[in-house]
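Beneath this line is the structure, given in structure tokens, with notes to follow.
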Amino acid sequence: MGISKSAGPKIFIIIQLLLISLGGLAQQNALADSLLREIQTATEDSLKYNLFQRLSMAYESTNPQFVIDYAEQALALAEKMSDQGKIVTSLNVIGIGYKKKGDLNTSLDYFSRGLEICRANNLTEQQTQFLNNIGLIHANRGDLNEAMKYYHEALNLLDEEKDKLAVANLINNIGIIYFEQGNQEEALGYFERSLVIQRERKDSLGMSIALTNVGESLDRMEKNEEALAKYQEALSISEKINDQYGVSYLLATMGEIRFNEKKYEQASRDFSRALEIADKLEDVEGKARILGLLGKVSQKQGDIQVSNDYCFEALALAQKMGAKQTIRDLYGTISQNYKLFNDYEKAYDYQVLYKEVNDTLFNEEKSRQINELAIQYETKKRDAEVQLLKEEQAKNEALLQRRTIIGWTTALVLLFVSYLAWSLFQTNKRKQTFNKQLQEEVEDRTSELKKSNVKLEKSNKELEQFAYITSHDLKEPLRNIISFTELIERKLNGHLDEETEDYMHTVQGNARQMHALIEGVLEFARIENIDFRNETVDLNNIMGKIKNVLQASIHEDNVELKVGQLPMVTGNASQLFLVLKNLVENAMKYNNNPTPKIEVESKIVDGLCQVSVKDNGIGIDKEYHNKIFDMFQRLHIRKEYNGAGLGLSICKKIVQNLGGDIWVESEPGKGSNFI
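The sequence shown maps to residues 15 to 689 in our numbering.
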């Protein structure tokens, strides 16, 4: 099982700070000593304030407690001077310090207090900083809609040309909201826009963070090599500028990729380096995350007790922060550890805790997201229908107007015969003008129809996202059902009567069947988001891989699989593999012949390549030749032939996305030929 990418780039959101030049971070200690000496000799409150502010920011990347301590001394001086601008600046820095310590509630209190003062005193520039940072806190808590509201309010206050840094930061943060909602293409676009601005500004920290977030989106899109390249570039920058938070986060994130690639030793080294840095920084949020990752990798390496030690240490930190997602994941790992210890009672207890937290997260977050998607879809659908009705009404009015003009023209011709020549000339002129107007109106209506079609296509895409989210969230309850029934069966092993064991097996079987069905729905929904970049594909190599994958089933069922000479085609290798594999598996499954025969051949028809998969199986009645490519269409009950009814619908969708077509030629009892 791989590591779930639940953390995302939240911890790396750019927090807008003061417009203070701190110099090189590598000279931090020397700068701090110099500032402390100046404070001892300073006499004016205004000068002392500036020195304390600079001193607090000197520790922004290394020691959040020093940030808080020195900024509070600056705040006391600002309040003594009754300078509202200085007060809100200090409040912002203190809030940032508490955020870095993982105390989100205290951080939000300082940000909210600063925002109230900014609104009362029309401090627009500082107001955008507080709006951004409050949005950050809501995003960390998982309230993505509330976070988006604050980000857009801040963005509306900014001038894109004059406030490039602030715009880049907010664009980055909006990208993170799309990231958390699973819309990686949209998120990647925002992150790359932020990166372009940061490169223009030659802002090293900004570039490092933008590169990290681009890497996060590529990672979620399973483009591991591209993601690692972005992470490595960001790590080099962070090490160069002594951004210890960035170094710790990037090491842990790169370790996750290596964990999922089963490179456990390398992942463990990355996690250990990251933990050492987070511990020095007193980064509670980062430390909880990394300890959980060390628990995962220790479990894979067989060090179960070490894994539990890491997990319980992480759990204490996560509970202190109220980080429910981290708590849920840790409960899951601990339950698995006790299961490996054969301590099924504790495994069961922690599985129950896992389910309780997971249900809470689902009720708080996912239900609201799904309901909002449904409402958006219905609203846009109604808007499109209203627009179409308006266009139809406009066309009818134009037609009526034209008929009225023609009628008046005819009457004038009959009444004023003496002025026939003049009337004809004027009528023709009016008709030309009207036709031109009508043509322009038709063109306008056509343009509006095209816009309506674009809106409808967007609505369809959002509906697919709605289906994807719904199917994805159904998987977790099914995992709980399977896990609980396995735990109960093991715990009561030898104490169940035969009938109860049958019931348990039925529950497990049905749950796994439902899980397979949901996986199929997710696979079907994911096809729309796949990059169908064309490449040259050797179908002979594809069939060779399919033979290797299905070798055991071919031998067990005595299948005679004959593959002719196949051509090189232009397409997508992984998707063509999935199509041919599904067709060969169906040919094996729906075949009651003692010696199943399958032939895979190709030929050129009208300049196009036709690939056929022919079998001697049970065949298909003609009335079902089209229906079998629809989702969930099954011609047999599951007791006869297992399956979810999605394989052929997935094949059809892939083939059509590649610019082709698929059909079947078959008769009952005479086999099938899929082309």
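Even for Gly, the Cβ is constructed at its ideal location relative to N, Cα and C. These figures come from a predicted structure and were not determined experimentally.
Checklist line | Range covered by the beta strand (DSSP E) that runs through VAL577 | finding: 574-577
Note to self: Could you tell me the alpha carbon to alpha carbon distance between LEU129 and ARG155, rounded to whole angstroms?
What the structure shows: 19 Å
Check: When DSSP labels each residue in this structure, what does LYS194 get in the three-state scheme?
Finding: Per the sequence presented here, residue 194 reads as Glu, with Lys not at that position. Correct three-state label for GLU194: helix.
Margin query: Rounding to the nearest angstrom, what Cα-Cα distance links GLN453 and ALA408 in this structure?
Written below: 13 Å
Next item on the list: Reducing DSSP to helix, strand and coil, say where LEU45 ends up.
Entry: helix
Next item on the list: May I have the straight-line CA-CA distance separating ASN554 from LEU580, to the nearest angstrom?
Entry: 6 Å
Check: What residues in its chain sit with their C-beta under 8 Å from that of VAL551, if we drop five residues either side in the sequence?
Finding: MET582, VAL583, THR584, GLY585, ASN586, ALA587, LEU590
Next item on the list: Whole angstroms is fine: what's the gap from PHE205's alpha carbon to GLU174's?
Entry: 16 Å
Check: Hey, quick one: how far does the beta strand (DSSP E) through GLU296 stretch, first residue to last?
Finding: Note, GLU296: premise wrong, no beta strand (DSSP E); not H, not E.
Check: What is the residue span of the beta strand (DSSP E) that THR550 lies within?
Finding: 549-552
Item checked: Collapsed DSSP secondary structure at ASN671 in the structure displayed -> helix
Check: Expressed to the nearest angstrom, what Euclidean distance is found between the alpha-carbon atoms of ASP317 and GLU471?
Finding: 51 Å
Notebook entry, point to check: Could you give the distance in angstroms between the alpha-carbon of ARG417 and the alpha-carbon of ASN170?
Noted result: 50 Å
Notebook entry, point to check: Could you give the residue range of the beta strand (DSSP E) that holds GLU679?
Noted result: 678-680
Item checked: Beta-carbon proximity list for PHE688, same chain, < 6 Å, skipping 5 on both sides -> LEU597, VAL627, VAL678
Notebook entry, point to check: In angstroms, rounded to a whole number, what distance separates the CA positions of GLN390 and LEU575?
Noted result: With a pLDDT of only 48 at GLN390, under the threshold of 50, the placement of this residue in the model should not be trusted, and no figure is reported.
Item checked: Residues near THR447 in its chain [Cβ-Cβ closer than 7 Å; skip 5 each side] -> none
Item checked: Contact set for SER321: own chain, Cβ-Cβ below 6 Å, skip 5 residues either direction -> GLY309, SER312, GLN313, ASN351
Notebook entry, point to check: Which stretch, first to last residue, makes up the alpha helix (DSSP H) that contains SER75?
Noted result: SER75 -> no alpha helix (DSSP H), and no H or E assigned at all.
Notebook entry, point to check: Leaving out five residues before and five after THR374 in sequence, what residues of the same chain have Cβ atoms less than 8 Å from its Cβ?
Noted result: LYS338
Margin query: For LYS505, list the residues DSSP reports as bridge partners.
Written below: Looking at the DSSP assignment, LYS505 forms no beta bridge with any residue, so it has no partner.
Next item on the list: Could you tell me which of ASN135, THR138, ASN136, VAL102 sits nearest to ASP123, measuring between CA atoms?
Entry: VAL102
Margin query: Can you tell me whether ILE689 is helix, strand or coil according to DSSP?
Written below: coil
Margin query: Bridge partners for LYS628 per DSSP, in chain order?
Written below: GLU613, ASN687
Next item on the list: Would you identify the three-state DSSP class for THR340, choosing helix, strand or coil?
Entry: helix
Notebook entry, point to check: According to DSSP, is GLY585 helix, strand or coil?
Noted result: strand
Notebook entry, point to check: Would SER104 pass as a contact of LEU89 if the rule is Cβ separation under 7 Å?
Noted result: yes
Check: Residues in its own chain within less than 7 Å of THR499 by CB, not counting five upstream and five downstream?
Finding: MET518, VAL521, GLN522
Margin query: So, with DSSP's three-state summary, where would you put ILE496?
Written below: helix
Next item on the list: Please classify LEU36: does DSSP put it in a helix, a strand, or coil?
Entry: Reliability of the predicted coordinates at LEU36 is poor, the pLDDT of 34 falling under 50, and no value is obtained from them.
Notebook entry, point to check: For the candidate residues ASN227, SER126, SER680, whose alpha-carbon lies nearest to that of LEU242?
Noted result: ASN227
Next item on the list: Classify GLU279 as buried or exposed, calling it buried when 16 or more other Cβ atoms lie within 10 Å of its own Cβ.
Entry: exposed
Notebook entry, point to check: Counting along the chain, where does the alpha helix (DSSP H) carrying ALA153 start and finish?
Noted result: 138-155
Check: How about SER121 and LYS113: do their beta carbons lie closer than 7 Å?
Finding: yes
Item checked: Boundaries (first-last residue) of the alpha helix (DSSP H) holding LEU335 -> For clarity, residue 335 is Met in the given sequence; the question names Leu instead. Segment 318-335, the alpha helix (DSSP H) holding MET335.
Next item on the list: State the DSSP-derived secondary structure class of ASP622, mapped to helix, strand or coil.
Entry: It should be pointed out that residue 622 corresponds to Leu in this sequence rather than to Asp. Correct three-state label for LEU622: strand.
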